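In full-length UniProt numbering, the protein residues as written are 1 to 452.
This is the structure:
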């Protein structure tokens with residue numbers, strides 16, 4: 001009853017403060033779909049996804065109606081396809097992506113993640129084929145999302161993967177040039193990727209996970225901002241307490257939704273990821289939370305400290321509310337999806353270099369950032385390497401979702417629509433890093449990785 005009382009209190013925040021369950025994501029293992037015949041493997045994949053997720057959307061909508069809490073997205077994550085397709089004789093994995101896309105369309109979900117490879121220490125044959133297939137796969141599907149884990153605190157950074165992914169991002173941008181290179185918005189390069197992330201574009205179902213699980217991603221930047229508006233003279237400690245208590249209430253709502261949907265689908269409840277994930281709508285912005293703390297604009301001096309406190313307080317509040325907190329849990333800073341960050345970029349307060357500093361304390365990394373279309377692949381690789389280093393050295397997840405918008409330059413805007421929003425083109429450092437990127441090999445793991 002106590003949990004239900006908390007949920008009812010939270011429901012009152014929905015209409016004015018934009019509380020929502022951002023996603024329910026069913027994780028599905030495809031390990032039993034491995035086959036030396038690519039065609040047979042893909043048939044198994046399609047049949048398994050459509051069987052297990054047949055009622056995912058229906059039950060999600062049913063819970064929405066019963067509890068009055070919006071569930072914005074219904075999604076699926078699967079075992080990294082490089083592990084599944086690697087046993088086949090196929091020399092291109094685009095057909096696997098099309099199979100995932102067809103399964104997603106059949107069950108009616110928004111996105112399906114897992115066209116992925118895990119290469120922190122090197123490549124298998126399947127890894128190389130999948131990475132080479134990413135541009136065409138993202139250009140020829142609607143719902144498929146892709147990711148590559150290129151580094152970890154235990155293994156270091158695979159710089160051969162870093163170099164190749166810079167090229168892959170450029171190729172993807174070109175193939176989807178007619179839609180402002182939107183294919184790049186469906187790809188993430190990670191360091192220290194987590195196996196139970198419910199958020200796209202980086203979700204995949206880890207090999208250590210159960211046969212199928214139900215993970216939930218909860219959001220509510222507007223709820224946190226409204227709570228801080230009521231405490232204009234609060235000290236930092238008092239603000240942290242307000243954020244923690246608000247995060248607690250939001251997490252309890254997500255826990256109830258997740259466990260209920262999982263029970264009805266007859267799958268285990270996995271994790272609850274409380275991540276403040278903004279949308280382009282007014283009142284749903286992480287940047288506005290930081291400004292409510294006393295910053296004129298997101299990006300000014302003090303922004304990194306404010307974001308660090310926000311991220312930490314969200315984690316502490318969420319952990320107290322549920323024993324199943326996982327994924328990222330913190331604050332996201334996707335530029336194109338946050339109206340406050342868009343404004344901060346357009347007025348010159350938020351720069352690319354400041355965003356990089358902010359990624360050292362937030363939940364992920366450089367996210368939904370549009371850059372000039374003529375940016376060299378080596379520069380993009382350098383950005384990937386910098387973000388991976390922040391994650392590897394600090395033992396945290398970092399990711400890069402960056403869009404070199406073909407045919408556009410600083411001063412232009414990329415229009416993605418929907419939850420992906422719009423992105424002003426941001427300048428990047430024009431000095432060359434190609435000699436560094438082309439050295440190849442592995443950046444070794446940091447000294448603190450030796451814990452045995």
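All C-beta atoms in this analysis are idealised placements derived from N, C-alpha and C, irrespective of residue type, glycine included.
Everything numeric in this text was worked out from a predicted model, so none of it was measured.
| Item | Value |
| --- | --- |
| Close-in-space but distant-in-sequence residues of the same chain around residue 436 (CB under 6 angstroms, 5 per side omitted) | none |
| Anticipated Cβ contact below 8 angstroms, residue 306 with residue 290, distance rounded | 5 angstroms |
| Beta-bridge pairing of residue 37 - partner residues as DSSP gives them | Note: residue 37 sits in no beta bridge, so no partner. |
| Nearest to residue 374 (by Cα), restricted to the options 387, 39 and 428 | 428 |
| Cβ contact (3+ pairs, closer than 8 angstroms) linking the segment 369-384 and the segment 165-178 | yes |
| Residue of 215, 20, 193 and 165 minimising C-alpha distance to residue 76 | 215 |
| Cut-off 6 angstroms between Cβ atoms - residues of its own chain near residue 251, not counting five sequence neighbours on either side | 274, 318, 321 and 322 |
| Residue 395 (DSSP reduced to helix, strand or coil) | coil |
| Euclidean distance between Cα positions of residue 100 and residue 255 | 28 angstroms |
| Cross-strand partners of residue 26 (DSSP beta bridge) | 76 and 214 |
| Minimum C-alpha distance to residue 81 - residue among 386, 30, 239 and 218 | 30 |
| Given 8 angstroms, three or more beta-carbon pairs between the segment 408-421 and the segment 325-332 | no |
| Distance between residue 87 and residue 352 (C-alpha atoms, nearest Å) | 41 angstroms |
| Alpha carbon of residue 445 to alpha carbon of residue 387, nearest angstrom | 15 angstroms |
| Pick from 359, 409, 401 and 367 that is closest to residue 389, judged by C-alpha positions | 359 |
| Element boundaries [beta strand (DSSP E), containing residue 149] | 144-149 |
| Exposed unless 16 or more other CB atoms sit within 10 angstroms - verdict on residue 187 | buried |
| Alpha-carbon spacing of residue 288 relative to residue 425, whole angstroms | 21 angstroms |
| Exposed unless 16 or more other CB atoms sit within 10 angstroms - verdict on residue 138 | buried |
| Contact between the segment 402-411 and the segment 118-136 (3+ Cβ pairs under 8 angstroms) | no |
| Cβ-based burial, residue 447 [other Cβ within 10 Å; buried from 16] | exposed |
| Continuous beta strand (DSSP E) stretch holding residue 65: start and end | Unbroken run through residue 65 is the alpha helix (DSSP H), 56-67; no beta strand (DSSP E). |
| Start-end ranges of the alpha helix (DSSP H) lying completely within the segment 371-438, minimum 4 residues | 377-394 and 434-437 |
| Identity of the residue in 167, 154 and 423 nearest residue 132 by Cα | 167 |
| Exposure of residue 401, with buried meaning 16 or more beta-carbon neighbours within 10 Å | buried |
| Segment contact flag, the segment 50-62 with the segment 234-248, C-beta cutoff 8 angstroms, min 3 pairs | no |
| Residues near residue 279 by beta carbon distance below 7 angstroms, same chain, minus five either side | 337 and 419 |
| Nearest-angstrom Cα separation, counted from residue 223 out to residue 1 | Because the pLDDT of residue 1 is 49, which lies under 50, any placement of that residue in the model is unreliable, and the number read from its coordinates should be weighed accordingly. About 23 angstroms. |
| Unbroken alpha helix (DSSP H) run spanning residue 157, endpoints | Segment 156-158 is the beta strand (DSSP E) holding residue 157; no alpha helix (DSSP H) there. |
| Supposed close pair residue 195, residue 206 - CB separation, criterion 8 angstroms | 2 angstroms |
| In chain order, each beta strand (DSSP E) run of at least 3 residues that lies wholly inside the segment 67-133 | 71-78 and 111-118 |
| 8 angstroms Cβ cutoff met for residue 74 and residue 45 | no |
| Residue 135 in three-state terms, based on DSSP | helix |
| Residue 352: first and last residue of the uninterrupted alpha helix (DSSP H) it sits in | 352-358 |
| DSSP three-state assignment for residue 43, whether helix, strand or coil | helix |
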